[in-house]
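Chemist:
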Amino acid sequence: MKTNPTIWRRGALASNQEISLTSGIGAGLASYYLGSGFKVIACARRAEQISLNLPRAIGFPLDVNDFDQLEDTLNEIVRSTVRIDLIVNCIGIGELNPSLDSSLDASMIETNVKSFTLLSNWAYNLFKKQGHGHY
Numbered sequence: 034m035k036t037n038p039t040i041w042r043r044g045a046l047a048s049n050q051e052i053s054l055t056s057g058i059g060a061g062l063a064s065y066y067l068g069s070g071f072k073v074i075a076c077a078r079r080a081e082q083i084s085l086n087l088p089r090a091i092g093f094p095l096d097v098n099d100f101d102q103l104e105d106t107l108n109e110i111v112r113s114t115v116r117i118d119l120i121v122n123c124i125g126i127g128e129l130n131p132s133l134d135s136s137l138d139a140s141m142i143e144t145n146v147k148s149f150t151l152l153s154n155w156a157y158n159l160f161k162k163q164g165h166g167h168y
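For the sequence shown, the working numbering begins at 34 and goes up steadily by one.
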């Protein structure tokens, strides 16, 4: 019996300029996969946004800049599902910074580089262990 793959989505709700699972491209992808019969697991800082915008998705609260929580939540997701076949990583924020204030850059680097890298490494190790998966 063929089962539908599990799609795991992660959206960053951290700034006024973002790619998010609860709006725009992220929400469009999640809706497409849900409509195609896929099981979608979605994470957001404000988990209530998942149930409002993607009621058929399985939601997990997650702040990608809380690095201990990030890995714990990812491991909890793996324990709660049969397998993960695809991870769509929408971690990212951006600020207009005409004054070139480096304090704004620091939080962007924390999210766009450190969180992205942690998730990428985690996904690689998961897919290597599973013997399949796409990132």
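Every residue, glycine too, gets a C-beta built ideally from N, C-alpha and C.
1. Can you tell me which of R78, V97, G70 puts its alpha carbon nearest to the alpha carbon of R89?
2. So, for L67: in the same chain, excluding its five sequence neighbours on each side, which residues have a beta-carbon less than 8 Å away from its beta-carbon?
3. Just the Cα atoms here: how many angstroms apart are S133 and M141?
4. Need the endpoints of the alpha helix (DSSP H) that V111 sits in, please.
Modeler: So, from the listed chains and residues:
1. Residue 89 sits at position 56 when you count from the first residue of the sequence shown. With distances taken between Cα atoms, R89 lies closest to G70.
2. In the sequence shown, residue 67 corresponds to position 34, counting from 1. Answer for L67: V73, L87, R89, A90, listed in chain order.
3. Along the sequence shown, read from residue 1 onward, the residue named residue 133 stands at position 100. Along the sequence shown, read from residue 1 onward, the residue named residue 141 stands at position 108. Note that residue 133 is Leu in the sequence shown here, rather than Ser. C-alpha separation (whole angstroms): 13 Å.
4. Here residue 111 refers to the residue found at position 78 of the sequence shown. Start and end: 100–113.
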